[in-house]
Each structure stands twice: as C-alpha cells, then as structure tokens.
Amino acid sequence: MSATTAAPDERVRTESLTTRLMKRPELGAVGGVILVTIFFLVTASPAMFTLAGVMNFLTPAAQLGIIGIAAAMLMIGGEFDLSIGSMIAFAGMVFGVLVVSMGLPLILAIPMTMAVAASLGAVNGAIVLRTGLPSFIVTLAFLFILRGASLVGLKVFTGGATQLRGVRDAVAGDWLTPIFSGHAFGGLFRWMADQGWIATLASGNPAVPGVPVSILWFLGFAAVATFVLLRMPAGNWIFATGGDRVAASNSGVPVRRVKISLFMLTACAAALVAIITVIDTGSTDARRGFMKEFEAIIAAVIGGCLLTGGYGSAIGAFFGAIIFGMVTIGLTYTGFDQDWFQVFLGGMLLLAVVFNNAIRKRVTGER
Amino acid sequence: MSATTAAPDERVRTESLTTRLMKRPELGAVGGVILVTIFFLVTASPAMFTLAGVMNFLTPAAQLGIIGIAAAMLMIGGEFDLSIGSMIAFAGMVFGVLVVSMGLPLILAIPMTMAVAASLGAVNGAIVLRTGLPSFIVTLAFLFILRGASLVGLKVFTGGATQLRGVRDAVAGDWLTPIFSGHAFGGLFRWMADQGWIATLASGNPAVPGVPVSILWFLGFAAVATFVLLRMPAGNWIFATGGDRVAASNSGVPVRRVKISLFMLTACAAALVAIITVIDTGSTDARRGFMKEFEAIIAAVIGGCLLTGGYGSAIGAFFGAIIFGMVTIGLTYTGFDQDWFQVFLGGMLLLAVVFNNAIRKRVTGER
Amino acid sequence: MSEPIIRMQGIKKHFGNVIALNGVTFDVRPGECHCLLGDNGAGKSTFIKTMSGVHKPTEGTITFEGRPMEFSSPRDAMEAGIATVFQDLAMIPLMSVTRNFFMGREPTKGRFVKRFDLETANRITMEKMREMGINLRAPDQAVGTLSGGERQTVAIARAVHFGAKVLILDEPTSALGVRQTSNVLATIARVRAQGVGVVFISHNVRHALAVGDRFTVLNRGQTLGTAEKGQIDAAELQDLMAGGQELAALEGSLGGTI
Amino acid sequence: MSEPIIRMQGIKKHFGNVIALNGVTFDVRPGECHCLLGDNGAGKSTFIKTMSGVHKPTEGTITFEGRPMEFSSPRDAMEAGIATVFQDLAMIPLMSVTRNFFMGREPTKGRFVKRFDLETANRITMEKMREMGINLRAPDQAVGTLSGGERQTVAIARAVHFGAKVLILDEPTSALGVRQTSNVLATIARVRAQGVGVVFISHNVRHALAVGDRFTVLNRGQTLGTAEKGQIDAAELQDLMAGGQELAALEGSLGGTI
Amino acid sequence: QNIIVVAHGQANDPFWSVVRNGAMLAGDHTGASVDFRAPETFDMVAMGQLIDAAVNQQPAGIVVSIPDADALGPSIRRAVEAGIPVISMNSGGDVAADLGVRLHVGQSEYDAGVAAGARMAEMGATKAICVNHEVGNVSLDQRCAGFEEGFAQTVTVIPTQNDPTEVQSRVRAALESDPEVDAVLGLSASLVGEPAIAAVEALGRDDVRIATFDLSAGFLEAVSEGRASFAIDQQQYLQGYLPVTFLALNAEYGLMPGGDVPSGPNLVEQDAAAQAIELSAQGIR
Ligand SMILES: Nc1ncnc2c1ncn2[C@@H]1O[C@H](COP(=O)(O)OP(=O)(O)OP(=O)(O)O)[C@@H](O)[C@H]1O
Ligand SMILES: Nc1ncnc2c1ncn2[C@@H]1O[C@H](COP(=O)(O)OP(=O)(O)OP(=O)(O)O)[C@@H](O)[C@H]1O
Ligand SMILES: [Mg+2]
Ligand SMILES: [Mg+2]
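From first to last, the protein sequence lines stand for chains A, B, C, D and E. Going by our numbering, the first residue of the first sequence is number 1, and it counts up by one from there. Going by our numbering, the first residue of the second sequence is number 1001, and it counts up by one from there. Going by our numbering, the first residue of the third sequence is number 2001, and it counts up by one from there. Going by our numbering, the first residue of the fourth sequence is number 3001, and it counts up by one from there. Going by our numbering, the first residue of the fifth sequence is number 4001, and it counts up by one from there.
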C-alpha cells in the first residue's frame, strides 16, 4: 500500500548500539553496580574484592535477590507482598518442625513446606482479588499473622524457646542437602587452591570452599524469571496485568490467575530462602526474615520496577539486590566510623539510583 | 435546550440518605471503628472503655493520626514518604539539642525544628521532582540517612550515649509547654473528679488529669486537612496531582508546587509528633519513631487511601489511626496470650478493612 | 434469513443508582453489519460491554448460537469467537505494539517450553498495521507514545485478526485519518463477506450508511427501533440519533449530514 | 489583515531517536479558525502540545503577541490566554465533573480563607454542559464513569469557558454525537466571532470546511502547505490529508468525502 | 489476682521470651494470672502507654523494665499513685527507688558489659568489636558501652540487622578488613553469637575469642567445645519469675523482700556450659 515499507524511515534517527543497550530496563541497574564497585575499590580494604570477599557479600545479596526477584515480578504484576519476611520465619518454622520434630526426609519436607507457603500465598491473592482491597493492606495483615504464628509454633514445638535447633544434624546425610546448603564446586576450588591459584587458609584449605549454593539458586532464578518475563506468554500477561488490569482483562488476559500465581511464587521464593538459611545455620528462630519484605521491595525498586506496576525487570532486581548487598556489607570493609553506617547506606542507595537514572535519561533522550 | 432540565432524571434511581452518606470516602472507615469497638466491648476488660481507658488508646492513635493524615494527603497527591519515622527521631534530636544543649526557649526551638524538618521535606520533594525517581526510593534513602544522622547527632551531643535526657526540666515553666505537652482542661477534670463524676486514683487525683494535648492537635489537624482537601482549591490540586500528574499539569495545576508542599507538610507533621513526644517523655533516643512511617501508611490505607494516588480522605486516615490505636492497645486489655498478639493484630486489621469494604460495596452497588 | 449468532433480550444494566440500560433487545446475524447508533451517553458502550463479557447484565438474557450463555469474563467471550474494539481501546501504554497486539493470545513456538514467538508476532503486527494504512517505525514502540489514530488502528487490527464469529467495533474510526477510515470501512465490508457478524457503533451517519445492513438506535438506555438498509435515509437516521432534538443552526456545508 | 496572536516558526521536536516534527511553521490570527489537518501520526498533537506549553520544542521559535515566548509549563500558556482541549482530554477519572472542569482555576469565595466555591462551580458546569447538549445526571459524577462523548464534552466546555485569546481543539468532535457535534461547531463559530483565535484539528473534511478560514496540512512531521478558505475544495483537501496516497475502494455513498 | 508485666523487649526476642517463660511459671506456681506485654519495637512512647493501660485495669501488681526513666517515669508514678505495687526488673535499678518502685530484680546492662570486657581483657584479647543488632536500643547500647569500659580499649561497634546471614557476612568483613581484631562480642547469642562463630570458623582463625550476652543452646555447645569463650548470663528467668512471685505473695500476705535482687552477671564458661544447654533449648536459660 505504501512504497516506504522496507526503506529506512526518515522519521527515525539512527542510534548506536550502546544507546540501544542502555535503553533496556534490564540493564538500567548495571550503572549503579559499577558506581558502587568503583566507590568501594577506592575506599574499602582490598579484602573486599578478593574471591572470599566477593563470595562474602554475594551470599546475603543472593538470599535477598531470590525474594527480590519474586517481589519484582509481583510488583510488575501490580501487587505488593509485605508478608515475605514473615513468610521466611513461618516457612522456616514449618520446615524445621517437619525435619527436626517429625524427622521427615528432605524429599518430603521441602515439597510440604513449599505447599504450605504456596497455599498461604494463594490465600493472600484470593483475598486481594475477592475483596478488591489493596494488596498492601491484606499482606500487611499477613505480615503480622505469620510472624505471630511462627512464634507460637516455635514455642509449641520446642517447649518454650523461640529457637528451634538441630536442623543440621537432622539433614546431614540427606542426598538433597547439598542442593540447598553448603558450597558447590568444592572439588574444583580445592584443586585450584592446591595449584596455588586461589588463596588458602592457614590450615591449607582454600579460603573459599566453593560457590555457596544460594548464589547458584539466585543466578538460576534470575535467568528463569527473565526468560519468563520476556519470552513467555505468561510474561506478557504479567506486564499487561500490572499495566492496566481492566484493559488486560478486556483483552483476554486471565488476570486473576496471573495474580494468584504471582502471590504463590513470591511465597515460594520466601520459603526457598527459608529452607536455604535454615539448613545453613542449622536453626530457625522467630525473628528470621525480619524486615526482609522491605529489602526485597528496595531491591526491586533500585532495579527499576515501578511501584504502580507494569514496568520493571527481573535482571534489574538482580542487580538491585547486588547493589544493596554490596553497600550493606561493604561499609564494614571501609575505615568509616560505623556510627555513620545508615547515613552511608542511604546516601549510597540514593547515589546509585540517581546515577542509573541519569544515565538512562541521557541515553534515551527525555521521556 | 432540553425540557428535562429540572425534572427528575429517569436514568437515576432514588437512594436513601444512609446510602448517600456511606458513599462518602470519609465515612468508609467508620464501619471499621464500630466493628472494632464491638469486638472489644465483648472481649476486653471494661477498663478499656472507662474515660481513662479511652484516653489511653486515643493517645497513641492521636500521635499516629497526625502523621497518618499527613501521609494520607501526600498519598492522595501521588507520593510516599518513608522517612516519616526517621524524621521523628531526627526532629526529636534537633529539638532536644536546641532545648537541652543550647538552652533555647520553645518559642525559638519549635520554629527552628519545624524549619529544619520542612527544608528536609523540601529536599525530598525536590529530588523526587528533579530526578523523576519514585518517591519510594528517594525517601527510603532518607529513612536511612536521617536515622543514622539521629544516632550520630545524639552521640555527639550527649558525649556517646544514644539517649538525650533532661528535656522536661529544660522546658518546665516555658509558656509554650502546655500547648505541646501534658493535658488540657485540667481544671475541668479536677472539678469533675471532686464532684465524683469521674474516677479518681487512690491519691484523690482524677484518674484522667485532662485531655492529652496530642488528641486536640489530632482533632484540629484532621479538621483542617479535611477542609483543605474538600473545600479549598489546594485540595482540588492535590487530588488532581495524584490522580494523573500529566493531565493535572496539562490542565494548569502547579504540580511541582503541590508535591513539594506536601512533602514539607509531612515532614512538619513528623516534627510536631517529635516535639510532642519528646516534651511528654522528657527524653529522646535514636530509636524513636521506628517503623512509624509504616504505621502512618497503614492508617491512611485502612482509611481508604489508594496507594496509586488520587483517592482517599483525611477523615479516613483519622479513623484509620483510631482503629490501629484501638487494636494495638486494646489487645492488652483482653486476656489473650501475648504470644498471639501479632496474629490478633493482623486478623483484626484485616477484618476491619474487609468489613469497611464490604459495607461500602453493598451500599454503592458494584464499582 | 440466517439465525442470529448472538441475541440479547431485555438487557438492563444499573451502576449503583445509575440506570445505564433499561431493556435493550438486539441481535447480529452472520455476514451482516448491524449498526448501533445513538446520542452520547445513550448506553451503546455499556451495551456492547455486556455483549463481550465485561459487564454482567442486571437483567436480561443472552443467547449465543441458539444456546443461553453467560460470559463470566471477556476471555470467555473471546474464546466463543467474539472480538471487540473497546472505545477506550484496552491497551497498555507502557507495553510495545506487538505485545499489546497479541496480549492474551500470544503465538508460541518451541517443543517443550512454549516460548512467545516474538519474531512472528512482530512480523504479523507490522503487516496488519500496514494493511490498515499505518507504517509503524518499529513494532517495539510503546503504545503510550503512539498518536491517537495509530493506537486506535492497533486495536482494530487486533480485533480483526482474532475476530472469529462476531466483531464488535465501538466508534473505531473516531480518531482515524481519511485513509485509515476508508481502510477500516473496507475491512468491515471484507470480513462481513466472510460471514462474520459485525456490530458497528458510530456517530457518523455516512459511515454507518456506507457499511450497515441494519440500524438500531438507542436513546437514554432504551431501543428506539431497528431499520433495514434502504428503509431509512440519512436525514431520518440523523434525526433519530440526535434523540429527536433539533440541531444547532450552522452556516457552511453541514446542511445535510454531519 | 490583523497580526497573528501566536506564531510558531521552524518547530522541530525529537523524542529520543523519534523525529516527530521536522520544521513546522504555523500562526493564528484573532478571530480566525485555522484548521490543522493531516494523516494519523503526522505530528498534529505533538505540534499543538508545543504550542500549549506541554513540550519544549527541540528547535524553533514561538512568538506570542509579537514577543518571543517560552512557556515552561501549560500553566504559563494558560495564563497567557491559551486554552487547549487535548486529544487525551487531560481529565482525572476519579474526580467529579465539576472538579475536573475547574481543575487548576477554581472559583473561590470567602474573605480571609479563599474557599473553593463548589455551588457556583456546580452551577456553571451543569449550565455549560447543557449548552453543549449533554444533560448530566449530577455534577459530582466521577468523570471515569462518563461515556466517551460526555467526557469529551466536559473538556471542550472547559476550554471554551476559560479560552481567552487562543482556543486549541485537538479532534474535539471525535467521540461526539451529531447534536453535540453541531453544538461544538456552532460554538467555534461563536467564539471566533468574539475575536478569539481558534486552532482546530480534525480528520473530518466536512467539519473543517464548515468552520475553517485557513487550512494547514501536516505530513510526516512537515508542513505540506497552507490554503485559504475558498482556494481549495473538499476533494483536494482530502487528497492532501491522505498524504497523497490513494484510498481503498469502497461501495456505498462514501464516494466523495469521508 | 492479676499481675501485669510490661517489658521493653518483644515476645519473639529470645532473651525476653525466657523472661516471659519465668513470669508465666511464677503465675502457675502462685495461682496469679499473668499478662506479659511489650511494644512492637523498642519504643519508649508506646511502652509508657502500655503501662498506662495496665494501670487502668487495677491489677494486683505491675512489673516493668525501665530502660528510660524520663520517658516511663510519669506512667510508673501514676501506677504508684493509684496504689498499685510496682517492681522493676532487668533495667532501671538505679532509678527504681526514686520512682516509688518497691524493689528491683536484675542486673545493670552496663555492669554486665563491664564484667564481660574485663574477662575478655583477662583472656588476653587486645582489639574487640561489639556487634549490635539493634542500634539505638538503649539497653543494647549500654552493653557495648560497659564492655568498652571493662575492656579498657576502644571497641568498634558493628551495627547489623537481625538476619544471621548478614551478621555472618559483616563479622567476616570486619575481621578481614582489620586482621588485628581478636575478640568479638555479640549482644544476642542466637542472633549474633552463633553466626559470629560461623564467620570466624569460615576464616579459619582460631585466635579470635567470641563471647556473647545471653544464652542459646547452639552457642553453649560451642562454648563447651571450646570454640567460643563465654556467654554472659543474666539468669533472666529470675527476672520474670521473682517479681511475679513477690507481687503475688504481696497481694496474698502483704510480704515483700527488703532489698533489690541481683540476678547476674554470671559468665558461663566451658565448664558450666554443658549443663546449661538443655535448659537453654527449653527457654529457661
Ligand atoms: N461505571 C459506571 N458508573 C456509573 N455510570 C456509568 C458507568 N458507566 C457508564 N455510566 C453512565 O451510563 C451512561 C451510558 O454510558 P455509555 O458509555 O454506554 O454511553 P455511550 O452510548 O457509549 O456514549 P458515547 O457515544 O458518548 O460513547 C452514561 O450516561 C454514563 O454516565
Ligand atoms: N513521547 C513520544 N515518544 C516517541 N514517539 C512519540 C511520542 N509522542 C509522539 N510520538 C510519535 O510522533 C508521531 C506524531 O504523533 P502525534 O500524536 O503528534 O500525531 P497526530 O498527528 O496527532 O496523529 P493522530 O491524528 O493519530 O492523533 C507519531 O508517529 C508518534 O508515534
Ligand atoms: Mg461509548
Ligand atoms: Mg493526535
């Protein structure tokens, strides 16, 4: 119908590859990571960027990142979950009880914990959809309820204490344990230590016994989440649902199904973190995951998610979690007076996000 | 141009007065208050609804309400402030230092504290507007920065402690003190006690020495905020700004001015609460106001504010704060086991909000 | 004459105390274009929303292919073969044109993991838009940055692409340029010839007369009556659409139809 | 011929890598209706948004009443006397009709505390809407629940009420019924007679010819030329608006103009 | 009889849950009904309001902790004025008498910190960090301050959150960035002490001495195995048990001891640790 079909459009200016790359919301948070890295390279003790140091700040970042990515997906879908942190405590309690008090093997205990978490997530979602209340207030109620229930549960099963111990003994020898705790690639690292490629401890063991499995889970989850969001129909539905619920529903997106699934996913991510940390520390207590919902949302927002839904990325939350982890742990490596910790934390966060944003704006022109 | 001008429109069904009343967002939260009251009338010790008991749960409700109403106005204007709680600590620190360490009279110390708070609020707002970042992340940075700064400030001015004492002595005798602390109508209450109309303590003093001034501030602020929102051009601008920033700006609303003013207002409300509580307790510490930003948002949301902006009311936040105050204090009047406290708190909040919502829906038809 | 695909009888719809529809009866047959006309606020959009599963009627029955039917969501209606262009277009501004085009009905590829086939989707989108007379710069432009007419064209192209049995168009040409309008009208004629039933809402008498086979006029939530093509002329129709009230006097060439 | 109120010269506007306007020159004189025509995506809305202070032009100059001018916000433009009906209407769905009508320019009463005079505002709103041919149920109905045409009428009535020197209308009649359309066209004629300069964007050749004094056609971000009334006939104009490309063949009465 | 306990630490805090267990057991033993209450976070304003609420119910006695005498003073005085016997526990021993409180059960946080610091110095440590999981909580801050005093060297306070993984990473970071640090003091055994042990062991440093306030079974195990140095025990079970018992007896027979009861400090070292493990796992120590 027109002759200009294939010819380049005169209404479009050409742009460079970097410009095109920087435009992707996934890459928005990279700038922040670079900035924070440079900051610590200058100010922190060199121990921070040894292999051991990097693993050290990546471990909390990974645990935060797993829930952060889930929170980001839920946020893209237009909802919040404030019960993530309490869910970590609750799922940890359930898992601990199943493993220690009931003595179940992991192959049963893990699916059961996940099932409990998923059904609580579904309850959250169902209430939100049924009542039309904002998810903020509904999941807030669950923040309190689950936190309280963890305490009560722990007291019942320990006979009065707020800490349930003995998980490490209970799962030792279970064939699933290495998948959820400890370090991967131990052999490789030992070999590298023997070759003198990586630092060793006084005892001759490698300073880093391997890659903590939580980091692998973190990487894997980020990859899967990104794939789902960008390359699967479900991802399209999530963006649509969060962008405009009515329009999405009118266009045939199964909005309710999407939202409920996302709530379940978030709860399961919290349960995964609970399982990993409970096995790792060998115990669980009533304060686990305190304020984690908050940090998860922070990671998602640093990574470029909009609180209003419909925009964001899993990779952004990935980098957001790394930024947050680096800043919280990194300040300990610096010589700054630790009383200033929170001031620095806030300042660095602000700087990283402003920097991200400035780069993105400069690159995409105004928007 | 048409004949049906004055005649009743056949396209409208008549509705009763109650229906029309219940439709107002201001009244949405009343249902929740009634429900919660009934619950505690049944379960709690009768001491809760004596005069002393009512004052007792209204005092925290009032302190929460002052920031809750400000948070509601900001939320209606489309923004968040997560630095409210830290601002309470910071303003409290500033005020304490001015009064105790510098020995300034209240007539100077209060305006100076307010000015500091307002300018920090303006900085918050300016960063949000300048960078286009979500206020969530910007004020989150200030959450950390101000909390950290309070700690550092307290340590500097007390020579290492995180608690600053002696405010009560410093302000005793200042003519402004009765306006910001203590109880109003003390004479009236003493007279009523002498008449035997209200309960007295063993010492013969009335059990309630008067109405805590924070309650009067709360009532006054709620009235003014409601008036501004519903009856002033500025109120219209706030709703428009939060409803759709671009549309509002295109229609000539000074969006930037509105947002900055709201940030300043929120900060000043936090400073007011700080001043009231610091004078009342006679001390301040680095943990003051911890998580209050959260509770303020809860009060606003219980009261019917939408997190996405453009909808809500000050009266709603007023009742939201009362519900929250009643539930947190009220549970201690019941015989429930403290371990279950959080479970009940969450359950009651959920119940109150669901109930509000159900009533409103039933009354307005579907929406 | 063939059986109606969809028949709506005595439809009423109340929103709280607002009565939007007060008993409307309407049907569409395969291969016909049934125009729904009426003043602003007459209830046209509300009516087609009940037809496409967005609203549940307060009263009244819907029969689809002879069977009584209750759509519980727009997805149900879509699966039954009803595609709709809503007046507000139902687009997500932050999403790309392609993603909006295929929202809810993404083409997939891959054996085990069904991936969203973006290449195919992009190609189809560009093609369908070009057929409607819009040359997009790129299929990944956000819908929010499209011009009003471009956006409307996306919605129409999408509905035509997926419209199986019934195609509902709520003022589809309101923001369109002359070329795009003539394309849309030609498209209506084409799909009608393929046996699809079309419901067409317009305020433009000339557009309605150009493609309509039957004309139903709504006024203040009620049906004023239905006319066959040829039974009614432009001036009469326009009079009905204005709700029987006279028009403002105007100079210029507007004498006849607007 | 009188001096132009507003003159825009060589306006360019880029969004990132998108070139929306590539040098457009345009002016409006008091008491004339200048029509801005063009295909979908030609850049009409972008152009009038730079005129009303929403966008800053990437390049080009704006002269207002003979003085160079830079509007830093729509509020500035409004205060200078420019009222605009945007294509997306710039309404807040959750707010009432009255509050939308007076948004940003509320009437006040009271000596010390300037209160929003809601009674007056309600009265004016109902009156102005009635003049345009819409009988609202109540002035406190939320705009989000109005029908498309009702909503558009609110935006037009508002702009007309506040339009002091220049009135810009971006496709104001797209969602309107016949009666409302004729009211709007009559209103344009009326305010023009009062010496207000009107910029009128439309895809309807007949509407443009009915009220326009001059006609400027945009195509792909550039001016194709300006014609005076009488210099050009409907078919020529329509040809220009279609960007010089032929129209789809159509049966029925659409032969001439759409 | 109804006795109300208002504490500044939450029911899910491992330390305070032991206090609560003690109070509850005392309730069982004496037949009094015990309500245990605490604000949601360390919040002096809210705590004052909880004391007011308790006074309104006219109980047979009130037990309070007093981390901030200025803030809680008016509420406590009101209780005294209303004729309710008040006993303070845990913190506030120095101000209790001025406020009209009958007696105090507990140990000053500051003194306990001094004892811990002195012991640590005695064991030969030269440079220490104090890991504070709730900076700004005055009673925790005092523990660090006392430790510094007893240790007679500057002590760096490392602020952290409640999350064991983060605590572990930060302790490790602190040790790596300053290899001279050879002593770690935690302010909570389960929240800080156990992750600190894990961090030190991951670094393979056996010259670092680890001590903590309060007890947890896991930490005690480490002490008994020699992987950690000692835990500071306030015997906070007594802080819950004794005041309730005293008040119940007071209500029944008008009895009241004549002076304060110090419940600690008591350093649990390798020899005594094994015995405490089981009790700790049950929430008694
Ligand atoms: N959700 C709602 N709540 C209240 N009233 C509503 C709602 N939706 C529509 N209405 C009212 O119902 C009437 C019919 O609206 P509808 O959108 O169906 O009109 P329409 O015929 O499509 O008009 P137009 O030609 O202007 O698009 C309008 O007067 C409108 O104000
Ligand atoms: N913010 C933006 N970012 C990128 N491109 C934009 C933006 N706004 C407009 N455009 C592009 O600029 C072009 C001109 O858009 P504009 O809205 O001005 O067209 P129009 O002439 O008003 O069309 P219509 O008649 O359809 O309303 C369109 O192709 C559109 O895609
Ligand atoms: Mg309509
Ligand atoms: Mg346009």
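For each residue, glycine too, the CB sits at the ideal point set by N, CA and C.
Residues in the same chain with beta-carbon distance under 7 Å from residue i, minus the five sequence neighbours each way, listed in chain order, please.
i, result
"Ser214/A", "Thr59, Ala62, Gln63, Ile276"
"Thr2120/C", "Pro2107"
"Asp174/A", "Pro105, Leu106"
"Leu1151/B", "Thr1162, Ala1286"
"Ala1299/B", "Leu1064, Gly1065, Gly1068, Ala1317, Gly1320, Ala1321, Phe1324"
Hey, out of the options, whose CA is closest to residue i's CA?
i, options, result
"Ile2082/C", "Met2091/C, His2161/C, Glu2150/C, Ser2147/C", "His2161/C"
"Asp4068/E", "Ile4062/E, Phe4042/E, Ile4210/E, Ala4054/E", "Phe4042/E"
"Phe2026/C", "Ser2002/C, Ile2062/C, Phe2015/C, Val2154/C", "Ile2062/C"
"Val228/A", "Phe2116/C, Met2069/C, Arg2105/C, Val2196/C", "Phe2116/C"
"Leu146/A", "Phe90/A, Thr200/A, Val128/A", "Phe90/A"
"Asp4013/E", "His4133/E, Glu4252/E, Pro4159/E", "His4133/E"
"Gly2212/C", "Asn2219/C, Leu2218/C, Asn2204/C", "Asn2204/C"
"Gly1243/B", "Arg3007/D, Asn3100/D, Ser3073/D", "Asn3100/D"
"Arg1074/B", "Val1099/B, Ala1269/B, Phe1180/B, Ala1109/B", "It is worth fixing the name first, because residue 1074/B is Leu in this sequence and not Arg. Selected option, being the one with the closest Cα: Ala1269/B."
Let me see if you follow: with CB-CB separation under 9 Å, is residue i close to chain D or not?
i, result
"Val1253/B", "yes"
"Arg1165/B", "no"
"Val1211/B", "no"
Using a Cβ-Cβ distance cut-off of 9 Å, determine whether residue i contacts chain A.
i, result
"Ile4066/E", "no"
"Leu1146/B", "yes"
"Thr4126/E", "no"
"Ile1323/B", "no"
Quick check on residue i - is its C-beta less than 9 Å from some C-beta in chain F?
i, result
"Val12/A", "Absent from the structure is chain F; the protein chains it does hold are A, B, C, D and E."
What does a CB cutoff of less than 8 Å around residue i pick up in its chain, not counting 5 residues either side in sequence?
i, result
"Gly2252/C", "The predicted model places Gly2252/C with a pLDDT of 46, which falls under 50 and marks its position as unreliable; any figure quoted below should be read in that light. Nothing meets the Cβ criterion."
"Gly3148/D", "Ala3175"
"Gln338/A", "Leu331, Thr332"
Could you tell me whether the Cβ of residue i comes closer than 9 Å to any Cβ of chain E?
i, result
"Ala299/A", "no"
Are the C-beta of residue i and some C-beta of chain B separated by less than 9 Å?
i, result
"Asp4035/E", "yes"
"Asp3088/D", "yes"
Need the endpoints of the beta strand (DSSP E) that residue i sits in, please.
i, result
"Ile2011/C", "2006-2015"
"Gln3222/D", "3222-3228"
"Ser4088/E", "4086-4089"
"Asn3276/D", "This structure leaves residue 3276/D out entirely; chain D is present only between 3001 and 3258."
"Asn1977/C", "Residue 1977/C lies beyond the range of chain C shown here (2001 to 2258); nothing can be said about it."
By the DSSP assignment, the alpha helix (DSSP H) with residue i in it spans what residues?
i, result
"Gln1338/B", "Per DSSP, Gln1338/B belongs to no alpha helix (DSSP H) and is neither H nor E."
"Gly320/A", "314-333"
Excluding five sequence neighbours on each side, which residues of the same chain lie with their C-beta closer than 6 Å to the C-beta of residue i?
i, result
"Leu1120/B", "Ala1267"
"Gly92/A", "Ala274, Val278, Thr284, Arg288"
Inset, instruction - Collect the residues with a C-beta less than 5 Å away from any heavy atom of ligand 1 and give them in sequence order along the chain. - result: Phe2015/C, Val2018/C, Ala2020/C, Asn2040/C, Gly2041/C, Ala2042/C, Gly2043/C, Lys2044/C, Ser2045/C, Thr2046/C, Thr3145/D, Leu3146/D, Ser3147/D, Gly3148/D, Gly3149/D
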